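From first to last, the protein sequence lines stand for chains A and B.
With my numbering, letter number 32 in the first sequence gets 32, and the count goes up by one each step, no holes.
With my numbering, letter number 51 in the second sequence gets 138, and the count goes up by one each step, no holes.
Okay, structure first, notes after.
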Amino acid sequence: MLTLNFKFAQQRMTALKVALNQKTDESHAFGSNAATNGQADYTIFSPNSPQKVEFVNKSQLSGPSTSHEPPKLNFSTEFLPTFVAHL
Amino acid sequence: MRLQTNRNYSVFGADSNLEIEVEDASVMPDVHVSCGEPEISKRGTGFHTNATVVVEVLSPSSVGYDRGDKFHRYMLVPSLMEYLLVDQYEPRVDVLCRQETGFWSFQTYFGLDQVIHLSSLGVDLPLAAIYAKVKFEAK
Numbered sequence: 001m002l003t004l005n006f007k008f009a010q011q012r013m014t015a016l017k018v019a020l021n022q023k024t025d026e027s028h029a030f031g032s033n034a035a036t037n038g039q040a041d042y043t044i045f046s047p048n049s050p051q052k053v054e055f056v057n058k059s060q061l062s063g064p065s066t067s068h069e070p071p072k073l074n075f076s077t078e079f080l081p082t083f084v085a086h087l
Numbered sequence: 088m089r090l091q092t093n094r095n096y097s098v099f100g101a102d103s104n105l106e107i108e109v110e111d112a113s114v115m116p117d118v119h120v121s122c123g124e125p126e127i128s129k130r131g132t133g134f135h136t137n138a139t140v141v142v143e144v145l146s147p148s149s150v151g152y153d154r155g156d157k158f159h160r161y162m163l164v165p166s167l168m169e170y171l172l173v174d175q176y177e178p179r180v181d182v183l184c185r186q187e188t189g190f191w192s193f194q195t196y197f198g199l200d201q202v203i204h205l206s207s208l209g210v211d212l213p214l215a216a217i218y219a220k221v222k223f224e225a226k
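As C-alpha cells, then:
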C-alpha cells in the first residue's frame with residue numbers, strides 16, 4: 001500500500017512538473033499571468049485542510065509543444081481587447 | 088483582472104478562476120464572461136461560480152486539454168452556455184453551445200468573412216476583428 005501511495009505521489013509530482021513547464025510555455029505565448037503567479041490550471045481543494053491542494057491533471061495533454069512557430073494571435077494585446085470591445 | 092464593457096457583463100482575464108463546485112475544484116479560463124455581477128466563491132474574490140461564456144485561445148500544448156478534459160469540467164458549470172475555442176494560426180473558432188435539451192451543439196466558424204453570434208450575450212463577433220492584426224500565409 002505504501003508503495004502504491006508513493007507511486008501516486010510521484011505521478012502527481014510528475015504531472016505538476018510537466019504542467020508547469022507547459023504553462024510557462026503557454027504563458028510565454030499568450031502573455032498570461034497564470035504561470036507567473038505560480039497558479040495551477042486545475043486546482044482541487046482538500047476537504048481535510050484549509051490549504052488548497054494544487055495540481056494540474058494534464059496527463060491527457062497532447063504533450064509538450066512540438067511547434068516552434070511563434071503564436072500569431074496574441075491573447076492579451078489582440079484577442080482580449082477585441083473581444084471586450086464587442087461586448 | 089476585471090474588464091469594463093458597454094453592457095452589464097463582467098469579463099475576466101486569465102488570472103481569475105472558475106469554480107467547479109461539484110468537484111470542489113477550480114480551473115482557469117483564458118476569458119470568462121458573467122452576465123451581471125459574478126458570484127464569488129467561498130474561496131475568495133478571485134474565484135467565481137458562474138460564467139455564461141468561456142473562451143480558450145488554443146496553443147499547441149494545450150489544445151487537447153482545452154477540447155477534452157477542460158471542456159468536460161466546464162460542462163459541470165450550470166450557468167455556462169457557450170464555450171469558444173479560438174485558433175491562433177488560422178481564422179477558425181469552434182463554438183460549443185448548450186441547448187435547452189442539455190445537449191451541446193458544435194459549430195465551426197472558418198474564414199475572415201464569418202461572424203459568430205453569441206446568443207447567450209446577444210452580440211456578434213466578427214472573425215475579421217479577432218484576427219485583424221494577424222497575417223496569414225497563403226497555402
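Using N, Cα and C, we set each Cβ at its ideal position, and we do this for glycine too.
Given the structure is predicted, the values throughout are model-derived calculations rather than measurements.
The C-alpha of Glu-106 (chain B) lies about 23 angstroms from the C-alpha of Ser-206 (chain B).
Where Leu-214 (chain B) is concerned, the enclosing alpha helix (DSSP H) starts and stops at 214-217. The straight-line gap separating the alpha-carbon atoms of Phe-134 (chain B) and Met-88 (chain B) is approximately 12 angstroms.
Per the C-alpha coordinates, the member of B:Glu-177, B:Met-162, B:Arg-130, B:Phe-197 positioned closest to Gln-186 (chain B) is B:Met-162. The beta carbon of Thr-92 (chain B) falls within 8 angstroms of a beta carbon belonging to chain A, placing the residue at that interface. For Gln-175 (chain B), the residues of chain A that pass the 7 angstroms Cβ criterion are Pro-71, Lys-72, Leu-73, in the order they occur in the chain. Under the three-state reduction of DSSP, Ser-76 (chain A) is assigned to helix. Excluding sequence positions up to five before and after Val-164 (chain B), its CB lies within less than 7 angstroms of the CB of Leu-105, Ile-107, Ala-138, all in the same chain and listed in chain order. Taking the beta carbon of Ala-215 (chain B) as reference, no residue of chain A falls within 7 angstroms; the closest one sits roughly 10 angstroms away.
Contact between Arg-160 (chain B) and Val-114 (chain B) holds, with the beta-carbon distance rounding to 5 angstroms and staying under 8 angstroms.
Per DSSP, Glu-124 (chain B) has no beta bridge partner at all. When DSSP states are grouped into helix, strand and coil, Asp-211 (chain B) belongs to the strand group. Around the beta carbon of Ser-146 (chain B), a 10 Å sphere encloses 16 or more other beta carbons of the protein chains shown; the residue is thus reported as buried. Using a Cβ-Cβ cut-off of 7 angstroms, Val-144 (chain B) is close to Phe-30, Leu-73, Phe-75, Phe-79 of chain A, given in chain order. Following the DSSP letters along the chain, one finds Tyr-176 (chain B) in no alpha helix (DSSP H), marked with neither H nor E. For Ser-192 (chain B), the closest of B:Asp-156, B:Ala-112, B:Met-168 by C-alpha to C-alpha distance is B:Met-168.
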